[in-house]
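**Student:**
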Amino acid sequence: MKKIFLTFIVFFIFSVGNVHSNESPDIWDYYKVSKNSVFGNELDYDRQFLTENYSRIKLILIDGDLIVDKICLIHYETSASLTTPLSYWKTPEKVEKYKKIFSEEGILLGDQFAAINFPNNHDDNLCLKAGLTDLIEIDNYFVFLTKSDHLIIFSKQLKKNNESPITY
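Quick note: the sequence shown uses my numbering, first residue -5, plus one each step.
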């Protein structure tokens, strides 16, 4: 009986240790939604909707997960291999459109970036339901691509005034 009790105590201690993370969270703040969409769709409603929904959101990286505060969770590989814009977007025309919109937002789309794939990339994925289609990491930015072709930009170093629900 005593041996079973001690085994239970040891198991409990190791289980609790695995549940709590030793890693401190890495927090990224909402920065802005792109002024234009990638393909020139100029629907202010889409941009305003994204701004209202994401202006108070934070990205939290902890233990291999990226938590899009109150929206969804993405398993995140910190050793994500880098990709080139052409291998990611497949055509020079798309690459030029993305380079242009990133440039308009003050972000240099260089020769390589990290692409973070959503797990279980299908319709019941909460990130996809929220209108997020892709996530890339460039320098000090995490950038979501959206169904409306806007960029939602998060940064570690830059913060917008999040007191107003609409920040541009």
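Using N, Cα and C, we set each Cβ at its ideal position, and we do this for glycine too. Please read all numbers here as calculations on a predicted model, not as lab measurements.
Y135: buried (16+ other C-beta within 10 angstroms of its C-beta) or exposed?
**Tutor:** Counting from one through the sequence shown, the residue named residue 135 turns up at place 141. So Y135 ends up on the buried side.
**Student:** Rounding to the nearest angstrom, what Cα-Cα distance links E131 and K150 in this structure?
**Tutor:** Translated into positions along the sequence shown, residue 131 becomes position 137. Translated into positions along the sequence shown, residue 150 becomes position 156. So the two alpha carbons sit approximately 12 Å from each other.
**Student:** Let me know the secondary structure DSSP gives I3 once reduced to three states.
**Tutor:** Walking along the sequence shown from the start, residue 3 turns up at place 9. With a pLDDT of only 38 at I3, under the threshold of 50, the placement of this residue in the model should not be trusted; the figure read from the coordinates follows. Helix at I3.
**Student:** With a cut-off of 8 Å on the beta carbons, I'd call S31 and H144 a contact; round off their distance for me.
**Tutor:** The residue labelled residue 31 in the question sits at position 37 within the sequence shown. The residue labelled residue 144 in the question sits at position 150 within the sequence shown. The Cβ separation is near 5 Å, so the contact holds.
**Student:** Report the three-state DSSP secondary structure of N111 (helix, strand or coil).
**Tutor:** As a first step, residue 111 is located in the sequence shown; it is residue number 117 there, counting from the start. In the structure shown, N111 sits in coil (DSSP, three-state: anything other than H, G, I, E or B).
**Student:** With distance defined between alpha-carbon atoms, name the residue in I68, N119, G58 nearest to E17.
**Tutor:** Numbered from 1 along the sequence shown, position 23 holds the residue referred to as residue 17. The shortest Cα separation from E17 among I68, N119, G58 belongs to G58.
**Student:** Mind reading off the beta-carbon distance from S28 to E99? Whole number of angstroms is fine, and I expect it under 8 Å.
**Tutor:** Residue 28 sits at position 34 when you count from the first residue of the sequence shown. Residue 99 sits at position 105 when you count from the first residue of the sequence shown. That pair is a contact at about 5 Å.
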